Amino acid sequence: MQRYDAVIIGGATSGLYFARKMALKGYSVKVIEKLPEEKAGTRMDIFHVTHSDFKKFDMPLVKEGDPAWAFEFTDNHFSSPSNKYSVYTKAETVGLHMREYVSLMASLAAEAGAEIEYGAAFKEFIFTDGAISGIRYKQGRKTVELGAGVVVDCSGSAAAARCALPNGYGVENFKLKSDDLFYVLLRYAEFDSEQINTFWLHTKSWYAPFSMNECEKIIGTGATGGYDRAESEAARLDKTTSGGNFKLVRTEKGTTPYRRPPYSLVADNFIVAGDAACLTKPESGEGVTSSMVMLDIAADVLDSAFKKGDTSARSLWEINTRYNKEQGADFSLVRAFLTKLANNITDDEIEYCFKNELVFNETFLNGGEVKAADIVSTVASCIGGVSHKNISKKTVGAVLSGAKLGLELKAHYLNFPSSPDGLAPWAQKADKLWAKVGKVK
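Residue numbering for the sequence shown is 2 to 442, as defined by the numbering used here.
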């Protein structure tokens, strides 16, 4: 049985990013991807990366003319339901073709020394003395065994490996349900006239480019519960925007996780990352670069663990503590707050907030680091709306509850236990807080 230092399940952005990082450190890496090579990374065509992300994560930079490059834009608008009021934001953003960029990442991972095998579907773990020591996977009709120092699940929302873990192994093995996902409908449209890049909070919809032609836009809509709800919200958006003044080029559908991640991202000889770990941005559902934050930490910690000859959960635990300090605690705050806000605020109240420049500050809208002061400012704005009888007491109550729960969760995640010994009581308190938050309806 062939053995590798790291066996990575999933050959898209997260898996290939981590494979390259570990291979460059001199470790033997094997990536298995269940899809054939020509279909890897084809779930959605377009994804977005800011210019600063390329440098921050040492991602291969592409420019106009490269196969992976689709467009660039800077301006964005967040609009009220009536389209009478908007907030302008600015971020230098590059649109990339997922399939072509995944192919580029695969080439770089292979150049660094990683082996990539396509058409290889994870089947089950191999255990030695109660700990993961490898995997079995299917290649056609053949079952192949691999030994592994560490198995890393980057298999996307299906979380093929995480969900196959035995109960009590150290990482939760829950499967995502319909209310744990955003169902995303993307309509590629050619408009009769130029359209600005816009996001509508009330329908969780947006216009975004798919080329440098300002008449060509993706009309995107996301909703929990199923594609029927996404299509209903898309129809509601069309009634107040350009409606039928476009030619539909094609439609894409996909899902992205929208729930809190597993409390621990590590177990003995095991790491979970990317969509398999629900590491998506709470304000947008995007997960490519938010996963890279965690994977950078994981590469450092795993490097040290390999050098010590110990890849147990205890040795890998720093991945949890560092991730929560760098990103996880903030994500828990924003997720709690936005869940309460989204489940209670009405279209009329959103309209009032835009008209009076309340609630939706640029930090929230651009997905930046949200601090306690931002939450306090938002709550104060809502209370002011009540005094003018434009925001209901019910909505203010929800905002206050979301702010309180979010701040409690952030503090709790910043106080994540320093070893596996403290996880059980910590998780019990976290369970109670998340139960009060609920899920986006």
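Even glycine gets a Cβ: it sits at the ideal position worked out from N, Cα and C. In this text, all values refer to a predicted model and were calculated from it rather than measured experimentally.
Item, Value
"Distance between G135 and G148 (C-alpha atoms, nearest Å)", "4 Å"
"Within 8 Å, strictly: CB atoms of Y208 and K218", "yes"
"Cβ-based burial, P82 [other Cβ within 10 Å; buried from 16]", "buried"
"For G120, the three-state DSSP class (helix, strand or coil)", "coil"
"With 16 other Cβ atoms within 10 Å as the buried cut-off, status of K442", "exposed"
"8 Å Cβ cutoff met for T290 and F183", "no"
"Straight-line Cα distance separating K124 from G171", "20 Å"
"Contacts around A121, its chain only, beta-carbon distance under 6 Å, and the 5 residues preceding and following it disregarded", "I33, Y138, Q140"
"Close beta carbons around K176, own chain, < 8 Å, minus the five adjacent residues each side", "A160, C164"
"Short Cβ contact (8 Å threshold) for P283 with L339", "yes"
"Contacting residues, own chain, Cβ-Cβ under 7 Å from Y18 (five flanking each side not counted)", "M106, M293, L296"
"Cβ neighbours of V443 in the same chain (closer than 7 Å, five flanking residues each side left out)", "The structure shown does not extend to residue 443, since the chain is modelled only from 2 to 442, so the question has no answer here."
"Check whether R21 and A113 have beta carbons under 8 Å apart", "yes"
"3 or more residues per run - each beta strand (DSSP E) lying fully within the segment 50–76", "none"
"Coil, strand or helix - W207 by DSSP", "strand"
"Cα-Cα separation between R251 and I220, rounded to whole angstroms", "11 Å"
"Segments assigned beta strand (DSSP E), at least 3 residues, entirely inside the segment 6–44", "30–34"
"G11 to S393 span [Cα, whole Å]", "47 Å"
"Every unbroken beta strand (DSSP E) within the segment 236–310, with a cutoff of 3 residues, ordered by chain", "247–258, 271–273"
"Beta-carbon proximity list for W427, same chain, < 6 Å, skipping 5 on both sides", "P418"
"A236 classed as buried or exposed, judged by whether at least 16 other C-beta atoms fall within 10 angstroms", "exposed"
"Beta-bridge partners of L97, as assigned by DSSP", "F48, W70"
"DSSP beta-bridge partners of L182", "P258"
"Identity of the residue in L342, K254, V438, A425 nearest D46 by Cα", "K254"
"Contact between the segment 272–286 and the segment 327–342 (3+ Cβ pairs under 8 Å)", "yes"
"Span separating the alpha-carbon of V8 from that of V30", "6 Å"
"Straight-line Cα distance separating S80 from A231", "19 Å"
"Closest residue to K205 among N270, G223, D276 (Cα-Cα distance)", "G223"
"Buried versus exposed call for R451 [16 or more other C-beta atoms within 10 Å across all chains shown]", "Absent from the model: residue 451. The displayed extent of the chain is 2 to 442, so no value can be given."
"Coil, strand or helix - D348 by DSSP", "helix"
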